[in-house]
Amino acid sequence: MTESSRGGKPQSKTMGETITLGKALNHGLRRALEDDPKVIIMGEDVGKLGGVFRITDGLQKDFGDDRVIDTPLAESGIVGTAVGLAIRGYRPVCEIQFDGFVFPAYNQIVAQVAKMFYRSLGNVRLPIVIRIPFGGGIGAVEHHSESPEALFAHVPGLKVVTCSSSADAYMMIRQAVASDDPIVFFEPKRRYWEKGEVDLDADLGQAFPLHQARVAREGTDATVLAYGPMVRTALDAAIAAAEDGRNLEVIDLRSLSPLDMETVYRSVRRTGRAVVVHEAPGNLGLGAELAARITEECFYSLEAPVLRVTGYDIPYPAARVEEDFLPDLDRVLDAVDRSFGW
Amino acid sequence: MTESSRGGKPQSKTMGETITLGKALNHGLRRALEDDPKVIIMGEDVGKLGGVFRITDGLQKDFGDDRVIDTPLAESGIVGTAVGLAIRGYRPVCEIQFDGFVFPAYNQIVAQVAKMFYRSLGNVRLPIVIRIPFGGGIGAVEHHSESPEALFAHVPGLKVVTCSSSADAYMMIRQAVASDDPIVFFEPKRRYWEKGEVDLDADLGQAFPLHQARVAREGTDATVLAYGPMVRTALDAAIAAAEDGRNLEVIDLRSLSPLDMETVYRSVRRTGRAVVVHEAPGNLGLGAELAARITEECFYSLEAPVLRVTGYDIPYPAARVEEDFLPDLDRVLDAVDRSFGW
Amino acid sequence: MANGEREVGADAPAGGFVQLLTPDGERVDSVTTTDGMTYSVDFTDEEYRELYRDLVTVRRLDAEATALQRQGELGIWASLLGQEAAQVGSGRALRKQDMAFPTYREHGVLYTRGIDPIMPFGLFRGVDQGGWDPHEFKFNTYTIVIGSQTLHATGYAMGITMDGKTGTPDGEAVIAYFGDGATSQGDVNEAFVWSGVFNSPIVFFCQNNQYAISEPLERQTRIPLYRRAAGYGFPGIRIDGNDVLASYAVTRAALDQARNGQGPSLIEAYTYRMGAHTSSDDPTRYRIASEVESWKAKDPIARVRAFLTKQQVADETFFAEVDDTAKKLALDLRERVLAMPDPEPVTMFDNVYPHGSPEIDAQRASFERYHATFEGSGH
Amino acid sequence: MANGEREVGADAPAGGFVQLLTPDGERVDSVTTTDGMTYSVDFTDEEYRELYRDLVTVRRLDAEATALQRQGELGIWASLLGQEAAQVGSGRALRKQDMAFPTYREHGVLYTRGIDPIMPFGLFRGVDQGGWDPHEFKFNTYTIVIGSQTLHATGYAMGITMDGKTGTPDGEAVIAYFGDGATSQGDVNEAFVWSGVFNSPIVFFCQNNQYAISEPLERQTRIPLYRRAAGYGFPGIRIDGNDVLASYAVTRAALDQARNGQGPSLIEAYTYRMGAHTSSDDPTRYRIASEVESWKAKDPIARVRAFLTKQQVADETFFAEVDDTAKKLALDLRERVLAMPDPEPVTMFDNVYPHGSPEIDAQRASFERYHATFEGSGH
Ligand SMILES: Cc1ncc(C[n+]2csc(CCOP(=O)(O)OP(=O)(O)O)c2C)c(N)n1
Ligand SMILES: Cc1ncc(C[n+]2csc(CCOP(=O)(O)OP(=O)(O)O)c2C)c(N)n1
Ligand SMILES: [Mg+2]
Ligand SMILES: [Mg+2]
């Protein structure tokens with residue numbers, strides 16, 4: 001920034017502010033509330049407290065308790081009443097306090113939210129966003145560190161997205177709220193405090209498409225597929241690999257359902273190797289689907305099978321060993337090595 | 001059966017009776033109730049009605065309403081109280097009336113049933129069986145034809161099995177009830193009325209292991225992997241393929257978690273081709289996991305990618321078009337053709 | 001709300017209920033409950049006759065559906081036989097602006113909303129999952145998963161309050177239908193919590209038809225269901241569910257209270273499922289014939305006919321004309337059901353997402369390609 | 001059960017509560033409710049002193065935990081500060097054969113069950129998910145998902161009936177703990193349905209500490225919580241949750257009714273969470289200091305001390321000894337917590353399935369192989 005631009009009245013903001021991912025979500029929700037009077041936020045402790053992660057901080061104060069609603073403590077109730085509010089014309093954004101507490105609402109999500117549009121032959125739209133902070137690495141007790149995204153991505157009628165940076169957090173939450181599709185929005189809770197640049201004036205119409213993957217780092221030797229909290233891990237691995245002379249491409253999937261496979265295929269056809277990284281247990285995780293599709297589509301381009309670096313097929317373990325459960329830089333590099341050694 | 005054996009007192013039963021799969025389950029549950037006074041059955045309409053599919057027919061009459069319990073209409077309550085009964089020393093067998101009605105119990109299943117053993121450091125065992133009639137093809141309305149098995153197989157701490165024949169139905173339900181692991185037992189509802197031979201005197205100790213896959217038909221040219229209702233479809237396809245000179249091996253997976261991959265690998269290494277068949281939507285279905293594992297393990301043996309023949313990624317459609325949704329003989333053969341054409 | 005002596009009608013269960021028309025067709029002028037609510041109706045002769053017509057019509061259509069199912073034309077049917085008064089009374093009590101959330105059995109309420117009675121047949125025939133526009137008719141889709149719709153109804157009612165559409169006589173209100181079995185589901189009880197906390201304009205209308213498939217009421221509760229409401233701080237009342245006048249009067253009053261800003265209430269319509277749970281069910285396995293017989297004497301239609309006759313509000317000519325008109329409607333319905341085309345298989349890919357999905361598009365395309373290969377091959 | 005005038009104690013909320021010891025340390029001899037139950041205690045001096053010791057001890061241990069958390073030795077802590085009377089009174093009311101199902105905050109009840117107080121620290125330190133044997137101590141694992149344990153408790157109680165262990169004075173009973181927020185969960189309401197239908201020997205013990213994290217009671221109900229029970233057909237009663245005598249007397253009576261075959265009941269212990277929800281919480285965001293102040297005057301321990309002093313049941317020497325012993329226990333606890341070893345990472349593969357799983361075995365083996373490659377490399 002030049003001296004003069006700093007002094008003068010900025011005509012066109014360049015890249016805007018550097019804020020945490022959590023704050024970016026907060027700004028995005030604020031914009032959504034401003035942009036459409038039908039948008040409401042509901043959940044446990046979202047009001048005065050601003051949510052346990054402060055993602056809704058200040059919103060009830062500014063928009064009133066009719067638009068930012070502290071609900072009774074019952075997740076089925078949160079999502080079930082959101083369905084009714086959506087039928088009434090509202091656009092509810094539901095906050096689930098932690099990943100492990102979404103299951104009381106699972107029935108309403110898979111049997112109602114996902115199906116009402118289909119059931120009603122397109123007559124009833126449910127523009128509902130269900131926000132879920134997910135993933136581990138924060139030293140928490142049971143139920144506070146899970147990655148249940150596959151349990152939603154498997155369900156037709158839902159769309160599932162997740163963000164990995166402040167910029168995406170800000171735009172994607174706005175896009176999700178503006179979409180008429182029911183969307184489960186996973187927030188990488190251990191990245192809430194990581195900072196990044198956000199253009200707060202960005203126009204929704206110009207945004208990168210919500211359901212498109214993004215090449216987070218270009219590379220030539222192998223493709224690392226990640227999303228949410230693991231994008232940072234994958235990028236770190238790519239930096240480390242570069243030191244060993246290996247040039248990894250990192251793709252941030254962003255949309256988990258639908259998957260933007262074109263971006264993935266394009267990369268893997270070039271690199272011939274793919275490694276998928278996620279925190280969720282490997283068995284029937286996103287890595288399985290990605291591996292299956294990549295293999296079918298890029299069969300003759302693959303130099304090695306698609307490898308998976310994931311959580312183990314055990315309940316999320318005690319905090320003191322979670323670092324051994326979670327994929328990290330070393331495990332990603334190990335998988336890349338194995339791919340090259342195939 | 002010879003004239004004399006029919007007249008005399010049978011010393012050793014040969015293969016026993018020919019009964020429907022549903023009746024085999026009924027016999028198996030009866031045996032389980034007889035064998036262990038701690039076994040109880042609970043669910044909606046399991047008593048006088050014998051369940052909507054009559055799987056528990058006559059059991060309340062013979063074992064009393066303390067052992068075959070008609071519960072209030074609430075699935076979370078059924079599974080949640082089963083947890084308490086299990087802690088008390090009982091071995092509850094819960095019936096969920098239809099696949100689409102298990103979701104109110106999902107929270108209790110994934111956060112409690114699956115985790116109590118882990119949480120308690122092995123102090124609390126929950127020998128619970130959750131029976132779920134699943135799959136389509138019976139011309140039913142919404143929620144009565146779903147295949148949610150992946151939503152359970154993805155969850156660590158649960159074991160998931162399904163049967164495809166009367167003989168397996170009889171033994172597997174007994175094995176499941178006798179196991180201390182929490183087991184989700186999927187019953188192929190549209191096969192309830194298919195008949196097969198069952199040795200009612202079979203000894204539990206001699207049974208084929210519960211979590212082992214079975215080669216349902218030996219073949220050399222390609223491996224078809226199926227489970228539950230699709231095993232019959234796969235076998236039919238194999239017969240049709242044989243007419244075209246293609247010799248398909250059909251594997252009945254039986255256990256969906258854990259998967260018996262050794263049996264699968266052994267076959268695919270031989271045939272070089274695999275097709276997975278299931279009714280559930282393809283995205284993140286069992287086929288994805290099987291494809292991922294097979295590709296990783298048999299990379300250099302595969303002549304073509306593992307192909308999937310599955311339900312589409314849409315809500316289960318109206319009954320009048322379900323035959324177009326469900327994998328059938330033609331679609332299996334088409335996939336086999338595509339595999340050979342790769 | 002404790003139901004007091006004044007509410008005990010003929011054949012009332014212990015605890016009594018609000019009854020304005022006895023099984024014999026005697027009118028009870030008005031009923032005042034222990035907490036001071038007075039219920040009565042003030043219908044013109046014409047209105048009485050139209051109520052009768054509704055009752056006969058919905059029963060006749062239901063009978064046609066049962067016949068169609070037996071002939072293999074429907075996959076399944078959930079009959080409302082015996083529950084006509086509960087449904088027609090409460091349905092007619094709704095004002096135009098009120099919204100209803102049904103289960104899978106509210107064909108009578110659907111009829112009162114002015115929806116073409118053929119609508120539910122798509123679902124039961126298996127050609128779709130329900131075809132009407134819930135917004136146009138203010139009658140949501142049928143809901144099969146027990147209890148779910150009570151939370152939808154509660155959310156909708158919260159929205160009415162947020163829209164400022166309560167507190168006046170022409171405000172809006174919601175009615176949520178559910179059965180006796182449903183009262184055990186967590187969702188229904190959460191709906192009670194929510195609507196109490198938010199004082200939402202909603203009437204919970206529970207048709208206690210004594211059974212949840214094979215399970216008698218005692219499997220769901222040990223006290224009368226209307227008393228559940230007291231635990232959440234709003235009124236509960238039991239009505240003779242076979243009395244269309246009580247159903248009308250009490251629902252109308254509860255809806256008006258709701259629209260006036262007085263919050264939720266629960267109505268337990270004490271009735272009986274005269275037929276099987278659905279066409280797949282065999283009730284002889286779990287209930288005795290004499291029980292069904294005793295309820296025949298409380299038929300919801302016979303009593304209105306007796307009343308109309310005694311009061312000379314209607315005569316045999318009228319009754320015959322009603323039967324005849326209903327029959328014609330039923331035959332018309334039958335014809336139209338038989339003519340319902342099977343959907344094009346490829347339409348199963350429609351309406352998965354408002355904004356569509358490239359994955360669905362790809363699957364639709366591959367489905368079409370695949371089926372094209374069979375063209376002319378007899379498939 | 002409506003709470004009548006006799007139950008109104010000092011500082012009672014509207015509707016009253018059972019109080020046997022006022023905040024000033026005055027004993028109320030006995031309380032008779034409108035439905036004829038009389039509550040009183042008959043403790044020896046020694047028993048009073050031991051109750052006091054329990055209260056002081058659990059508070060002291062809790063304070064140590066809070067300190068340990070601040071020092072980074074625990075990941076999180078859910079303090080029971082302010083709820084000692086509710087927990088110690090109800091915990092001591094349990095007989096040896098009774099089974100308890102706690103939330104994550106029942107450290108006081110855990111203590112009364114004879115479990116080593118270090119046990120919950122595994123969970124909060126992050127070395128395990130809870131270590132004691134629920135069968136040995138008749139105290140189940142902590143449950144974090146709100147409400148789930150109430151159904152487990154109900155099932156366990158059904159099992160007691162099936163075992164024929166009710167209907168006698170030495171029968172068994174169950175107590176299920178949960179908070180005010182939990183009353184909104186479907187599961188808790190289903191537990192009410194179930195236990196009513198099966199007349200199960202269970203006491204639902206709700207610690208209404210006025211908040212569910214930041215949300216005040218009004219977000220969960222518009223009437224007192226104890227009245228919820230009436231909707232399911234069993235008694236509900238409110239007690240002064242800061243009165244250890246009321247907590248003991250009413251819980252003991254409810255458990256004895258349960259073991260005698262008289263079925264479930266609900267106790268609402270009206271109390272206050274003096275600290276933060278957990279160590280991660282900042283209560284200044286949602287509640288005012290004066291509210292906390294007003295509850296300090298109702299402290300559950302001060303009143304017992306005042307009573308013991310007035311009655312000359314205990315003197316300063318005794319109080320000093322109790323403090324001293326509690327302090328020693330706390331320091332011992334601290335040392336043992338600091339000495340708690342981090343688990344071997346590979347143990348995370350243990351106890352996934354009673355019968356094990358080849359998949360877990362394979363992952364454990366590959367985990368070990370992978371880690372072996374780092375040996376000596378500083379990892
Ligand atoms: C969650 C769920 N569980 C089970 C079922 C299967 N089922 C359909 S109707 C029914 C009984 C419903 O009883 P009730 O609520 O009294 O309504 P009724 O059918 O008597 O009108 C059951 C158990 C279902 N539809 N949804
Ligand atoms: C199903 C579920 N949703 C949300 C949470 C997060 N959470 C933990 S404690 C709590 C509040 C509980 O309030 P209450 O029942 O009153 O108990 P208290 O903590 O006050 O003792 C919440 C919302 C949870 N643990 N489980
Ligand atoms: Mg019913
Ligand atoms: Mg609380």
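Chains as they are written, first to last, in the UniProt record's numbering: chain A, 1 to 342; chain B, 1 to 342; chain C, 1 to 379; chain D, 1 to 379.
Glycine included, C-beta positions come from ideal geometry on N, C-alpha and C.
All values reported here derive from a predicted model rather than from experimental measurement.
Ala362(D) has its alpha-carbon roughly 20 Å from the corresponding atom of Val275(A). Interface criterion not met: the Cβ of Ile360(D) is under 8 Å from no Cβ in chain C.
Residue pairing from DSSP places Leu248(A) in a beta bridge opposite Ala222(A). Annotated as distal: Met348(C) and Arg125(C), with beta-carbon spacing of 8 Å or more.
With a cut-off of 7 Å, the C-beta of Arg273(C) is classified as near ligand 1, since at least one heavy atom of the ligand falls inside that distance. Pairing Asp187(D) with Gln108(A), the inter-Cα distance amounts to about 15 Å.
Val83(A) places its beta carbon 8 Å or farther from that of His277(C). Asn208(D) carries a strand assignment under DSSP once its states are collapsed to helix, strand and coil. Linking Phe152(A) to Ile41(B) through their CA atoms gives a straight-line distance of about 31 Å. Secondary structure within the region 344-376 of chain C: the alpha helix (DSSP H) runs of 4 or more consecutive residues, fully enclosed, are 358-372 (chain order). When beta bridges are read from the DSSP output, Cys94(A) appears opposite Met42(A), Ile130(A). Residue selection by CB proximity (closer than 6 Å to any heavy atom of ligand 3) returns Gly179(C), Asp180(C), Gly181(C), Asn209(C), Tyr211(C), Ala212(C) in chain order. Three or more beta-carbon pairs drawn from the region 265-282 of chain D and the region 195-211 of chain D are found closer than 8 Å, and the two stretches are therefore classed as touching. In this structure, Gly16(D) sits away from Val28(D), with a CB-CB distance that is not shorter than 8 Å.
Of the residues assessed, Gln206(B) falls on the exposed side of the cut-off, its CB having fewer than 16 other CB atoms within 10 angstroms. Counting only Cβ-Cβ distances below 9 Å, Pro72(B) has contacts in chain C at Gly181, Thr183, Ser184, Gln185, Ala212, Glu215, Arg219, Gln220, Thr221, in chain order. Taking a cut-off of 8 Å for Cβ pairs, the region 28-42 of chain C and the region 247-257 of chain C touch, as three or more such pairs fall below it.
Glu218(C) places its beta carbon 8 Å or farther from that of Ser76(A). In the DSSP assignment, Leu68(C) falls within the alpha helix (DSSP H) that extends over 45-70. Contact between the region 116-125 of chain B and the region 112-130 of chain D is present: 3 or more CB-CB pairs across the two stretches fall below 8 Å.
Judged by DSSP secondary structure, Thr81(A) falls outside any beta strand (DSSP E) and instead within the alpha helix (DSSP H) spanning 75-87. Residues of the same chain with a CB within less than 8 Å of the CB of Thr295(B), apart from the 5 flanking positions on each side, are Leu302, Pro305, Val306 in chain order. Counting along the chain, Tyr177(C) sits inside the beta strand (DSSP E) bounded by residues 174-179. Non-local beta-carbon contacts of Gly282(B) in its own chain, meaning distances under 6 Å to residues more than five positions away in sequence, involve Arg308, Thr310 in chain order. With respect to the 8 Å criterion, Leu225(A) and Leu290(A) are classified as neighbours on the basis of their beta carbons. Inter-residue distance for Lys61(A) and Gln149(C) is about 32 Å (C-alpha atoms, whole angstroms).
Scanning Val313(D), Ala269(D), Val346(D), Gln185(D) for the CA closest to the CA of Ala12(D) turns up Ala269(D).
In chain order, Met99, Ala153, Tyr156, Ala157, Ile202 place their CB closer than 6 Å to the CB of Val174(D), counting only its own chain and leaving out the 5 sequence neighbours on each side. Distances between the C-beta of Leu33(A) and the heavy atoms of ligand 2 are all 7 Å or more.
Annotation: the continuous alpha helix (DSSP H) that includes Gly159(D) extends over 148-162. Under the three-state reduction of DSSP output, Phe139(C) falls in the strand class. In the DSSP secondary-structure assignment, Leu259(A) is bridged to Leu256(A). Three or more Cβ pairs drawn from the region 219-234 of chain B and the region 127-142 of chain B lie within less than 8 Å of each other, which places the two stretches in contact.
Comparing alpha carbon positions, the residue from Glu297(B), Pro317(B), Ala237(B) closest to Arg338(A) is Glu297(B).
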